[in-house]
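So the sequence shown is residues 0 to 227, counted in numbering that gives the first Met the number 0.
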Amino acid sequence: MSPPARPGSAGGGFAVVQERPDEPGKRPRPVKSPGARSKVPHSNSEKTSQKAIVAAALEVVEQDGTEALSIRAVAKRLGLEPEALYSCFPDQKRLEAALAGEGIRRLHAALKRAAKGATGAEAVRRSCRAYLRFARMRRALYAMTMKRYPNSTGLLAARADLREFFRALFASLEDPRSAQTAGLAAWALLHGMAAQERDGLLDDADLSADSLSAVWALVPALSGALSG
Numbered sequence: 000m001s002p003p004a005r006p007g008s009a010g011g012g013f014a015v016v017q018e019r020p021d022e023p024g025k026r027p028r029p030v031k032s033p034g035a036r037s038k039v040p041h042s043n044s045e046k047t048s049q050k051a052i053v054a055a056a057l058e059v060v061e062q063d064g065t066e067a068l069s070i071r072a073v074a075k076r077l078g079l080e081p082e083a084l085y086s087c088f089p090d091q092k093r094l095e096a097a098l099a100g101e102g103i104r105r106l107h108a109a110l111k112r113a114a115k116g117a118t119g120a121e122a123v124r125r126s127c128r129a130y131l132r133f134a135r136m137r138r139a140l141y142a143m144t145m146k147r148y149p150n151s152t153g154l155l156a157a158r159a160d161l162r163e164f165f166r167a168l169f170a171s172l173e174d175p176r177s178a179q180t181a182g183l184a185a186w187a188l189l190h191g192m193a194a195q196e197r198d199g200l201l202d203d204a205d206l207s208a209d210s211l212s213a214v215w216a217l218v219p220a221l222s223g224a225l226s227g
């Protein structure tokens with residue numbers, strides 16, 4: 000004879016009830032059907048990871064501007080209380096530094112994609128255009144990358160990788176020190192051009208392919224003057 004059943008199982012709406020012979024007199028316990036799932040409270044651990052917090056901060060900055068960034072604004076976007084973010088970012092400056100590191104990594108990735116397969120003046124021209132395009136299209140994030148923050152491992156590594164990219168653009172120079180200085184000069188020149196474009200001081204002719212190719216000739220000379 001089949002054991003008694005009561006509502007609750009996944010298949011047929013009943014859960015099988017089995018008596019335990021070694022515990023006479025005790026109330027039988029239902030046996031969970033194989034397909035049944037336990038209800039587990041949702042955890043916020045994914046929302047409070049550094050990756051999730053920085054991604055939310057990026058959304059705040061790119062949608063509402065750099066002035067809107069705060070621990071409270073990021074927590075609200077994640078559906079959390081501000082205190083939930085403090086384990087990763089005890090203060091806003093650390094959050095800003097992490098966001099700046101992310102911005103530099105994205106800029107670096109854009110430059111590498113643009114320069115892929117090119118060398119010499121062509122690689123410089125492509126990189127210049129990609130740099131200015133990034134600064135124009137992602138203005139708020141770019142602004143975050145060009146500020147001073149407390150040093151953090153991620154931010155320092157991102158800046159070092161971007162410096163190395165610019166150095167490699169001028170690796171054909173005979174003196175390795177000249178290549179390094181030329182790379183820094185190119186970065187500084189592009190940042191100045193990005194700021195001038197933002198302020199409406201450069202037009203399309205100033206940002207033409209010929210003008211950007213001139214960086215290849217100009218930067219080594221400029222780096223020599225800086226070194227001297």
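Cβ atoms here follow ideal geometry from the backbone N, Cα and C, with glycine treated the same way. From a predicted model like this one, the values you see are computed outputs, not experimental measurements.
(request) Take the Cβ of S126 as the centre, count every other Cβ of all protein chains shown within 10 Å, and call the residue buried at 16 or more, exposed below. (result) As a first step, residue 126 must be located in the sequence shown, where it is residue number 127. By the neighbour-count rule (16 or more Cβ atoms within 10 Å), S126 is buried.
(message) Quick test of your reading: R137 and E66, contact by CB under 8 Å. State the CB separation rounded to the nearest angstrom.
(response) For the purposes of this step, residue 137 is identified with residue 138 of the sequence shown, where counting begins at 1. For the purposes of this step, residue 66 is identified with residue 67 of the sequence shown, where counting begins at 1. 16 Å between Cβ atoms; not a contact.
(request) Determine the DSSP secondary structure at V16, reduced to helix, strand or coil. (result) For the purposes of this step, residue 16 is taken as residue 17 along the sequence shown, with counting starting at 1. Reliability fails at V16, whose pLDDT of 44 lies under 50, so the model's placement of it is uncertain and the value that follows must be treated cautiously. Residue state, collapsed to three classes: strand.
(request) Classify A108 as buried or exposed, calling it buried when 16 or more other Cβ atoms lie within 10 Å of its own Cβ. (result) Counting from one through the sequence shown, the residue named residue 108 turns up at place 109. Exposed: under 16 other Cβ atoms inside 10 Å.
(message) Taking only three categories from DSSP, how would you classify G64?
(response) Locating residue 64 in the sequence shown gives position 65, counting from the first residue. Residue state, collapsed to three classes: coil.
(request) Could you say if the stretch 112-127 and the stretch 73-84 meet the contact criterion of at least three C-beta pairs nearer than 8 Å? (result) no
(request) Quick one: residues in its chain with C-beta nearer than 6 Å to the C-beta of Y141, no 5 flanking neighbours on either side, listed in chain order? (result) One-based indexing of the sequence shown puts residue 141 at position 142. Taken in chain order, the residues that qualify are A134.
(message) My parser needs the alpha helix (DSSP H) runs of 4 or more residues fully inside the stretch 68-122; what are they?
(response) 70-77, 91-114
(message) Quick check on this structure: which residue in V214, R128, T144 has the alpha carbon closest to the alpha carbon of G100?
(response) Indexing the sequence shown from 1 puts residue 100 at position 101. Ranking V214, R128, T144 by Cα distance to G100 puts T144 first.
(request) Below 6 Å CB to CB, which residues in the same chain sit around F88 once its five sequence neighbours on both sides are set aside? (result) Here the question's residue 88 lines up with position 89 in the sequence shown. Here the set comprises L94.
(request) Determine the contact status of A167 and R104, defining contact as a CB-CB distance below 7 Å. (result) Looking up residue 167 in the sequence shown gives position 168. Looking up residue 104 in the sequence shown gives position 105. Not closer than 7 Å, so no.
(request) Return helix, strand or coil for G182, following the three-state DSSP convention. (result) For this step, residue 182 is matched to residue 183 along the sequence shown. G182: helix per DSSP, three-state reduction.
(message) Please state the DSSP three-state secondary structure of K46.
(response) Sequence index remark: in the sequence shown, residue 46 carries index 47 (1-based). K46: coil per DSSP, three-state reduction.
(message) So the candidates are S171, L68, L79, D198; which of them puts its Cα closest to the Cα of D90?
(response) As a working note, residue 90 is residue 91 in the sequence shown. For the residues S171, L68, L79, D198, the minimum Cα distance to D90 belongs to L68.
(message) How far does the alpha helix (DSSP H) with F164 in it extend, from its first residue to its last?
(response) Taking the sequence shown and counting its residues from 1, the one referred to as residue 164 is at position 165. Note, F164: alpha helix (DSSP H), 152-168.
(message) Once DSSP output is grouped into helix, strand and coil, what is the label at G177?
(response) On the sequence shown, position 178 is the one that residue 177 refers to. It should be noted that the sequence gives Ser, not Gly, for residue 177. S177 falls in the helix class under three-state DSSP.
(message) How far does the alpha helix (DSSP H) with A142 in it extend, from its first residue to its last?
(response) In the sequence shown, residue 142 corresponds to position 143, counting from 1. Here the alpha helix (DSSP H) through A142 covers 138-144.
(message) Alpha carbons only, please: which of A129, L211, A97, T47 is nearest the one belonging to S151?
(response) Numbered from its first residue, the sequence shown carries residue 151 at position 152. Measuring from the Cα of S151, the nearest candidate turns out to be A97.
(request) Counting only the same chain and skipping the five closest in sequence on each side, list residues whose C-beta sits under 6 Å from that of D63. (result) Position 64 of the sequence shown, counted from the first residue, corresponds to residue 63. Answer for D63: no residue qualifies.
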